[in-house]
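Data first, discussion second: the structure below is written as structure tokens.
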Amino acid sequence: TALLFVSPMTGAYVVMRMVLPIAPSWALQSIALVSLFTSVYAAGMALVQSDARRFFCYLFLSHSSLVLVGLELMTPIGLTGALCVWISVGLAMGGFGLTLRSIEARIGRFTLTPFRGLYEHMPTLASLFLVTGLASIGFPGTIGFIGTELLVEGAVGVYPLIGLCVVVAAALNSIAVMLAYFRIFTGTRHVVSASLRVRPAERVAVLILSALILGGGLFPQPGVSSRYHAAIELINHRSPGEDGDIPHEAPHHH
Numbered sequence: 007t008a009l010l011f012v013s014p015m016t017g018a019y020v021v022m023r024m025v026l027p028i029a030p031s032w033a034l035q036s037i038a039l040v041s042l043f044t045s046v047y048a049a050g051m052a053l054v055q056s057d058a059r060r061f062f063c064y065l066f067l068s069h070s071s072l073v074l075v076g077l078e079l080m081t082p083i084g085l086t087g088a089l090c091v092w093i094s095v096g097l098a099m100g101g102f103g104l105t106l107r108s109i110e111a112r113i114g115r116f117t118l119t120p121f122r123g124l125y126e127h128m129p130t131l132a133s134l135f136l137v138t139g140l141a142s143i144g145f146p147g148t149i150g151f152i153g154t155e156l157l158v159e160g161a162v163g164v165y166p167l168i169g170l171c172v173v174v175a176a177a178l179n180s181i182a183v184m185l186a187y188f189r190i191f192t193g194t195r196h197v198v199s200a201s202l203r204v205r206p207a208e209r210v211a212v213l214i215l216s217a218l219i220l221g222g223g224l225f226p227q228p229g230v231s232s233r234y235h236a237a238i239e240l241i242n243h244r245s246p247g248e249d250g251d252i253p254h255e256a257p258h259h260h
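In structure tokens form, the structure reads like this:
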């Protein structure tokens, strides 16, 4: 399970180190189109899943594919956005998966079909679920916001239709996350005989993840600046003749 979880992120690293420096433009465009289709398809599948584990897998696949879309744009803004999303997805989806697994440890493997009303039993996990889920979809004030904004801006700058598809994938992911939250934590109060509240070790993990996610969203400049310099390095390492002149505009910070 751990190998399957980290493989998409490892794949993005392999693309950066081995594919981007030497691949011709047509190959990058082909990878971007396949990744874009995968992202939209996986987002749609996440929206209709009833099993919580399958929902998480499709959601993670959609986000990972968006990273690859940004990497193949080969513009400073697109690459900066992709690198920022790469980091934010690993952090946000890691916390999201931890939350789902913690819920499973209490009530067993579950589906998203009924409204379970678990908020009163585990408010801390509900808060972490919402924070990590919102961070993964680029909600303002979280670590994923700047990266998602730059990714969309970079995609629109290259080809508006690609930017539109990125927005559609992000919107479907957003709806899927909120539907899952309402299915798990709202509804008729779930009756249990034992306490489902978080343990001290889980509380520490919740606080650390929340601090990283919110801190990265409120103070994004150091991370964005380092990712921008990395993006310029990737572009400069492209083989001569693979691309035309690319303007090295700096990303706009809001």
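Position in the sequence shown (from 1) plus 6 gives the number in my numbering. Glycine included, each C-beta is placed from N, C-alpha and C at the ideal position.
- In this structure Leu-134 touches Ser-216 by the C-beta definition: roughly 7 angstroms separates them, less than 8 angstroms.
- In the DSSP assignment, Met-80 falls outside any alpha helix (DSSP H), carrying neither H nor E.
- Assignment of alpha helix (DSSP H) within the region 68-144, counting only whole runs of 4 or more residues, yields 82-113 and 129-142 in chain order.
- Of the residues Glu-239, Ser-36, Leu-34 and Ile-190, the one whose Cα lies closest to the Cα of His-127 is Ile-190.
- Here Phe-188 has Phe-121 as same chain residues with Cβ atoms under 8 angstroms from its own Cβ, once five neighbours each way along the sequence are excluded.
- Within a 10 Å sphere around the beta-carbon of Trp-32 sit fewer than 16 other beta-carbons, which makes this residue exposed.
- Scanning Val-40, Ile-83, Ile-109 and Ala-132 for the CA closest to the CA of Ser-231 turns up Ile-83.
- The continuous alpha helix (DSSP H) containing Ala-186 extends over residues 166-191.
- CA-CA distance, Met-51 to Cys-63, rounds to 10 angstroms.
- Between the region 213-229 and the region 146-157 there are three or more C-beta pairs closer than 8 angstroms, enough to call the two in contact.
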